[in-house]
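Numbering (my numbering), first residue to last: 1 to 199.
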């Protein structure tokens, strides 16, 4: 074979892998490893169902809110909190001064997810006089991983962050009137789709 018949050597791939958005490869694995999600949903994924397929099936079901619960558990903490933040931000609700401050703490953690910012958000959420959607989002940050407190080495149980995130988004949904609730829910699920396509 002549030298010019050889293809040039391929350049090594220098692209960075995308940030994983989902905790597990399939919904079936999520339900097996985090059984708390099955306590909050009526539907169950099939063994071969892909994450985005299960999301679409939940969306089309008689209980489309389960798509929110599934997303809260399926996503990695930072990605899930980012999604929850966007849901609350896009809901158009007038936020109190306390909630605006909480949203700033949450946004700061998504930009700089260190323990100092996590504890700051958790402390503000735990001592908040009213449990609002933004407060629960702050708890989702606080319970996103690591130790439960600066002076307590015990780890945060894996289900606590997703449950707080689920409560944040569903309670935000519940604040809307019955007529606009399906529209808001569709918007929240649309917002989550990018996370499934990223994985």
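Every residue gets a Cβ at the ideal spot worked out from N, C-alpha and C, and that includes glycine.
Min CB distance residue i to chain B below 8 Å
i, result
"residue 153", "Absent here is chain B; the protein component of the structure consists of one chain."
Proximity of residue i and residue j at Cβ, strictly below 8 Å
i, j, result
"residue 106", "residue 55", "no"
"residue 102", "residue 195", "no"
"residue 58", "residue 43", "yes"
"residue 21", "residue 76", "yes"
"residue 88", "residue 121", "no"
Residue i (DSSP reduced to helix, strand or coil)
i, result
"residue 13", "For residue 13, the predicted structure reports a pLDDT of 42, less than 50, and the residue's modelled location is therefore unreliable. A value from the coordinates is still provided. Coil at residue 13, not helix or strand."
"residue 145", "coil"
"residue 182", "helix"
"residue 75", "strand"
"residue 177", "coil"
"residue 22", "strand"
"residue 162", "helix"
"residue 67", "helix"
"residue 152", "strand"
"residue 91", "coil"
"residue 38", "helix"
"residue 167", "helix"
Residue burial classification, residue i (beta-carbon count within 10 angstroms, cutoff 16)
i, result
"residue 84", "buried"
"residue 189", "buried"
"residue 155", "exposed"
"residue 132", "buried"
"residue 141", "buried"
Whole-angstrom C-beta distance between residue j and residue i, which should lie under 8 Å
i, j, result
"residue 118", "residue 146", "7 Å"
"residue 74", "residue 27", "7 Å"
"residue 170", "residue 65", "6 Å"
"residue 139", "residue 164", "4 Å"
"residue 81", "residue 166", "Not quite, the Cβ-Cβ distance comes to about 12 Å (not below 8 Å), so this is no contact."
"residue 191", "residue 90", "7 Å"
"residue 187", "residue 176", "That pair is no contact at about 10 Å."
Please list the segments of the alpha helix (DSSP H) lying wholly inside the segment 97 to 146, counting only runs of 4 or more residues, in order along the chain.
97 to 111, 115 to 126, 133 to 142
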